[in-house]
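*Asks:*
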Amino acid sequence: MRIPWDAVVFDFDGTLVDTEWPIYLGARAAFATFGIDLPEAEWAAVVGMSDEEDGWWPGICERLGAGHIEREVWEAAKARARLDGSPSGRDAPMADGAAALVGALHGAGVPLAVASGSPVAWLEHHLDRFAMADRFDALVGVDHPGVRGGKPAPDLYLVACAALGVEPGNAVAVEDTARGIASARAAGMGAVVAVANRLTRHHDLSAADLLVPSLTEVGIEVLRTLRAA
């Protein structure tokens, strides 16, 4: 069954693969080493941010009263959760419903891409783990030469759609963060589906066209109704 969209573009971490949760657990353990609690909601507020663009790490340390040991906590967090961009959540499972949705769309001949704030090597690592690399026609990460800014800038989605040869307005974005939704909107994506996972349920995801608790709630027929709305 073909859907009335030219393509579907997925975010990656927290949307296709549940990497965000183990990263949080590693960071929480690192803070606990110094006797500091890291609440889930506090960490959720920075999910989707990059240290280079947003300075979120100094900010969260300051709010938790750890500004004076910011570097020490960072090093502990890297050792536990690899927050420096090398493999973190390396053995994380696929998000609920992700494999089924990707498989159904691929089987229906729908072009698929990933638009992620992570490096392409990170995307390839996980897609190879799940033997799903051949399902995607384009992988666009933050290190793509055509990407000048991460989310909420539109670059990732614009580059992904260009790689697929489709207009953004004729494609669906699947996201899990407020910043990701803003990026998709800025790119002019035709519709946005948002997954409120264990961390991003703390985000305001109301700007999405459809909000679901997991991708088990999304199928081809659901995407068809978004086009008709």
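Numbering (the working numbering), first residue to last: 3 to 231.
All C-beta atoms, glycine included, are put in the ideal place defined by N, C-alpha and C.
Measure the alpha-carbon distance for residue 175 versus residue 204 and round it to whole angstroms.
*Replies:* Locating residue 175 in the sequence shown gives position 173, counting from the first residue. Locating residue 204 in the sequence shown gives position 202, counting from the first residue. One C-alpha to the other measures close to 20 Å.
*Asks:* Where does residue 13 land, buried or exposed, given buried means 16+ other C-beta within 10 angstroms?
*Replies:* Looking up residue 13 in the sequence shown gives position 11. That one is buried.
*Asks:* Does DSSP classify residue 114 as helix, strand or coil?
*Replies:* As a position in the sequence shown, residue 114 is number 112, starting the count at 1. Correct three-state label for residue 114: strand.
*Asks:* Extract the residue ranges of the beta strand (DSSP E) inside the segment 94-154, only unbroken runs of 3 or more that lie entirely within it.
*Replies:* You should have 114-117 and 140-142.
*Asks:* How many whole angstroms separate the CB atoms of residue 28 and residue 79, which I take to be in contact at a CB cut-off of 8 Å?
*Replies:* Residue numbering aside, residue 28 sits at position 26 when the sequence shown is read from its first letter. Residue numbering aside, residue 79 sits at position 77 when the sequence shown is read from its first letter. Between residue 79 and residue 28 the Cβ distance is about 6 Å, and since that is below 8 Å, they are a contact.
*Asks:* So residue 162 and residue 142 are in contact, right, with Cβ under 8 Å, and what is the actual spacing, rounded?
*Replies:* The residue you call residue 162 lines up with position 160 of the sequence shown. The residue you call residue 142 lines up with position 140 of the sequence shown. The pair is a contact, with the Cβ atoms about 4 Å apart (cut-off 8 Å).
*Asks:* Output the boundary residues of the beta strand (DSSP E) element that contains residue 10.
*Replies:* As a position in the sequence shown, residue 10 is number 8, starting the count at 1. Its beta strand (DSSP E) spans residues 9-12.
*Asks:* According to DSSP, which residues form a beta bridge with residue 175?
*Replies:* On the sequence shown, position 173 is the one that residue 175 refers to. DSSP output for residue 175 lists 11 and 194 as bridge partner(s).
*Asks:* Would residue 255 be called buried (16 or more neighbouring beta carbons within 10 Å of its own) or exposed?
*Replies:* Coverage of the chain is limited to positions 3 through 231, which leaves residue 255 absent and any answer about it impossible.
*Asks:* Run through DSSP, which three-state label would residue 222 get?
*Replies:* By 1-based counting over the sequence shown, the position of residue 222 is 220. Three-state result, residue 222: helix.
*Asks:* What residue range is occupied by the uninterrupted beta strand (DSSP E) comprising residue 213?
*Replies:* The residue given as residue 213 occupies position 211 in the sequence shown. 212-214 is the extent of the beta strand (DSSP E) around residue 213.
*Asks:* If we count the other Cβ atoms within 10 Å of its Cβ and call it buried at 16 or more, is residue 94 buried or exposed?
*Replies:* What you label residue 94 is simply residue 92 of the sequence shown in a count that begins at 1. With 16 or more Cβ atoms within 10 Å of its Cβ, residue 94 is classed as buried.
*Asks:* May I ask you to list the residues that DSSP assigns as paired with residue 19?
*Replies:* Counting from 1 along the sequence shown, the entry for residue 19 is found at position 17. DSSP lists 15 and 96 as partners of residue 19.
*Asks:* Report yes if the C-beta distance between residue 207 and residue 213 is below 8 Å; otherwise report no.
*Replies:* Position 205 of the sequence shown, counted from the first residue, corresponds to residue 207. Position 211 of the sequence shown, counted from the first residue, corresponds to residue 213. Taking 8 Å as the Cβ cut-off, residue 207 and residue 213 qualify as a contacting pair.
*Asks:* What are the start and end residues of the alpha helix (DSSP H) that includes residue 158?
*Replies:* On the sequence shown, residue 158 is found 156 positions in, with the first residue counted as 1. First-last of the alpha helix (DSSP H) with residue 158: 157-166.
*Asks:* Find out if the Cβ-Cβ distance for the pair residue 9, residue 33 is shorter than 8 Å.
*Replies:* The residue you call residue 9 lines up with position 7 of the sequence shown. The residue you call residue 33 lines up with position 31 of the sequence shown. Not a contact, by the Cβ cut-off of 8 Å.
*Asks:* Would you kindly work out how many angstroms separate the C-alpha atoms of residue 172 and residue 187, rounded to a whole number?
*Replies:* Along the sequence shown, read from residue 1 onward, the residue named residue 172 stands at position 170. Along the sequence shown, read from residue 1 onward, the residue named residue 187 stands at position 185. Going by the C-alpha atoms only, they are around 13 Å apart.
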